[in-house]
Amino acid sequence: MFQLCTIALTGAELPPGSILSLDKKLLVEMLVYIINISLLTGVLAFLLYKPVKKFMAQRKERIAAEIEAAQKDREEALELKEQYESLIADIETEREEILHAAYKKAMERSDQMLFAARREAENVYNRALAELKTEKENMADEMKRQMIEIAAMMAGRFVEVSVDRETQDRLIAEALAEWEES
Amino acid sequence: MDFSIKNHRVLFHLWDTPVYLTDTLIATWIIMGALILLAVVVRVRLRRFQEVPRGFQNIIETMVESMDNFTKTIMGPGFDEFGPYFFGVFLFILLANYSGLFGLRQPTADLAVTGALAMMSFVLIHFRGIRMQKRGYIKEYFSPHPVFFPINLVGEISKPVSLAFRLFGNILGGVIIMGLIYGMLPLALRIVLPDLLHAYFDVFAGSLQAFIFTILSMTFIAQKSTTE
Chain X
341 MFQLCTIALT GAELPPGSIL SLDKKLLVEM LVYIINISLL TGVLAFLLYK PVKKFMAQRK
401 ERIAAEIEAA QKDREEALEL KEQYESLIAD IETEREEILH AAYKKAMERS DQMLFAARRE
461 AENVYNRALA ELKTEKENMA DEMKRQMIEI AAMMAGRFVE VSVDRETQDR LIAEALAEWE
521 ES
Chain L
1116 MDFSIKNHRV LFHLWDTPVY LTDTLIATWI IMGALILLAV VVRVRLRRFQ EVPRGFQNII
1176 ETMVESMDNF TKTIMGPGFD EFGPYFFGVF LFILLANYSG LFGLRQPTAD LAVTGALAMM
1236 SFVLIHFRGI RMQKRGYIKE YFSPHPVFFP INLVGEISKP VSLAFRLFGN ILGGVIIMGL
1296 IYGMLPLALR IVLPDLLHAY FDVFAGSLQA FIFTILSMTF IAQKSTTE
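Those sequence lines, one after another, are chains X and L. First residue of the first sequence? That's 341 in my numbering, and the numbers climb one at a time after it. First residue of the second sequence? That's 1116 in my numbering, and the numbers climb one at a time after it.
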């Protein structure tokens, strides 16, 4: 075996080494090693294990806090998105309602206008018909009057030509008598 | 061929027993030094750690996170305080097992080290068990019937013994086999041929034993802490 670290201080009074000795020396040596190992575990615990674990725990907490903050931000963003989508939906609904109302109003207005126009047309038509009727009546009257004039003129001419003074007087007298009777 | 752990000098006496500076203690201190240096480097560089880990930071974070997840998976919730302990223990055993690759005497091939590790687990098992179960802890030794008390007691004592001897035996076995092979091979063949065996005994078996020791200790602690 390589024995690199042997110290050449072996004196004559030193007992020879042993592999295994179950005696008081073993108990004393065990106590020495217990002290050594306790010291080592203590140093390792306070200089290495605990500080590194503390560092890792703090980092874990930081990361957890960051994750929590990120989740919170995400939730807020999602909430905002929902609000935005809800607003968009509301706007859409409102737009639909406005459009619908406007369409309805326009339709009503259109109906009103159509109705008014139809009534106006009807009025115009009726007026025209009335005027036409009046005109027709006037024309008929005019024709009658002209026919009467013509007839009277023709009758006058005829009388002038064929009836003497005496006959004229008799006829007038008869007519006057008829009027009186009626 | 000598596989014994050599004593280099007496460091001090404890209860009239000399404590020697052994190959194992030297290797342990080297491993401790390397790991403490790594911890210091991490602590210094921690201020410059980035949000997105890369390179060195990535390796350190992976190590810590893996152990944290491993502790939670094996022991369940409520055992987070064991993460740092098992992180240190696992790294120490792993590097101790790998240290053979660098010519050091593997500390885990010394029963004193594996016994110390097992004793620490034993203390944690029962300390945590008493804290969690309170009266139930004692009751468990007499369960399902008081006649089982000796068996339960032996079962509890055998846990650290098995932990210590499993790790010690596996690593020492590798040390002995590698020593024998190095002894058998002519000098020219010692460079390439033992590589595969090192990969098995030091890397594969080393990782496996570090994992087994850690997972068993975790399981025992979690088992003892669960109130029925």
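Built from N, CA and C at the ideal position, the CB exists for glycine as well. Note that this is a predicted model, so its numbers are computed, not measured.
8 Å contact criterion, which residue i and residue j should meet: CB distance rounded
i       : j       : result
L:R1243 : L:S1340 : 5 Å
L:D1225 : L:I1120 : 6 Å
L:D1138 : L:R1220 : 4 Å
L:A1279 : L:G1230 : 5 Å
X:I377  : L:F1326 : With 8 Å as the limit, X:I377 and L:F1326 do not qualify as a contact, their Cβ atoms being about 18 Å apart.
L:F1335 : L:S1236 : 7 Å
X:V392  : L:L1152 : 16 Å between Cβ atoms; not a contact.
L:P1192 : X:A385  : L:P1192 to X:A385, Cβ: 20 Å. No contact.
X:L406  : L:V1134 : Note that residue 406 of chain X is Glu in the sequence shown, not Leu. Not a contact, Cβ separation roughly 55 Å.
L:M1234 : X:I374  : 6 Å
Residues near residue i in its chain [Cβ-Cβ closer than 6 Å; skip 5 each side]
i       : result
X:L379  : none
X:T350  : Since pLDDT at X:T350 reaches only 43, below the 50 mark, its modelled position is unreliable, and no value is offered.
L:F1157 : One detail in the question is off: residue 1157 of chain L reads as Val in this sequence, not Phe. Correct list, in chain order: I1175.
Cα-Cα separation, residue i to residue j
i       : j       : result
L:T1143 : L:T1223 : 9 Å
L:A1154 : L:L1126 : 27 Å
X:L387  : X:Q423  : 53 Å
X:K400  : L:E1166 : 10 Å
X:M341  : L:L1136 : Any reading at X:M341 needs caution, since the residue's pLDDT is 36, under 50, leaving its predicted position unreliable; the model's value is listed next. Each residue's alpha carbon lies about 19 Å from the other.
L:V1269 : L:G1170 : 48 Å
X:A352  : X:S361  : Below a pLDDT of 50, predicted positions are generally treated as unreliable, and X:A352, at 49, falls in that range; the measurement from the model is reported next regardless. Rounded to whole angstroms, X:A352 to X:S361 spans 20 Å at the Cα level.
L:L1210 : X:D413  : 49 Å
X:D504  : X:K476  : 41 Å
L:L1331 : X:E416  : 51 Å
X:D481  : X:K444  : 54 Å
L:T1188 : X:M396  : 19 Å
X:E437  : X:A429  : 12 Å
L:F1201 : X:K421  : 52 Å
X:S502  : X:Q508  : 10 Å
L:F1263 : L:I1272 : 14 Å
X:T531  : X:F455  : With chain X represented from 341 up to 522, any question about residue 531 of chain X goes unanswered, as that position is not in the structure.
X:R402  : X:T381  : 29 Å
X:A461  : X:M453  : 12 Å
L:V1307 : L:M1293 : 13 Å
L:I1146 : L:G1218 : 13 Å
L:L1300 : L:H1313 : 14 Å
X:F459  : X:I488  : One detail in the question is off: residue 459 of chain X reads as Arg in this sequence, not Phe. Rounded to whole angstroms, X:R459 to X:I488 spans 42 Å at the Cα level.
Sequence-distant residues of the same chain with beta carbon closer than 7 Å to residue i, five excluded per side
i       : result
L:V1204 : L1232 and T1329
X:A470  : none
Under the three-state DSSP convention, the category residue i falls into
i       : result
X:S358  : strand
X:R458  : helix
X:K444  : helix
L:T1334 : helix
L:S1119 : coil
L:Q1221 : coil
L:T1341 : coil
L:P1265 : helix
L:H1260 : coil
X:K473  : helix
L:K1254 : helix
X:D481  : helix
X:D509  : helix
Beta-carbon proximity list for residue i, same chain, < 8 Å, skipping 5 on both sides
i       : result
L:Y1213 : D1317, V1318 and G1321
Legend entry - Ranges of the alpha helix (DSSP H) found wholly within the segment 1176 to 1217 of chain L, counting only runs of at least 4: DSSP runs (the alpha helix (DSSP H)) wholly in the segment 1176 to 1217 of chain L: 1197 to 1213.
Inset, instruction - Please list the segments of the alpha helix (DSSP H) lying wholly inside the segment 1121 to 1168 of chain L, counting only runs of 4 or more residues, in order along the chain. - result: Runs found: 1138 to 1160.
Inset, instruction - Give, in chain order, every unbroken run of the alpha helix (DSSP H) that is at least 4 residues long and sits entirely within the segment 364 to 442 of chain X. - result: Listed in chain order, they are 364 to 384.
Legend entry - Whole runs of the alpha helix (DSSP H) within the segment 1278 to 1320 of chain L, excluding any shorter than 4 residues: Note on the segment 1278 to 1320 of chain L: whole alpha helix (DSSP H) runs with a minimum of 4 residues are 1309 to 1313, in chain order.
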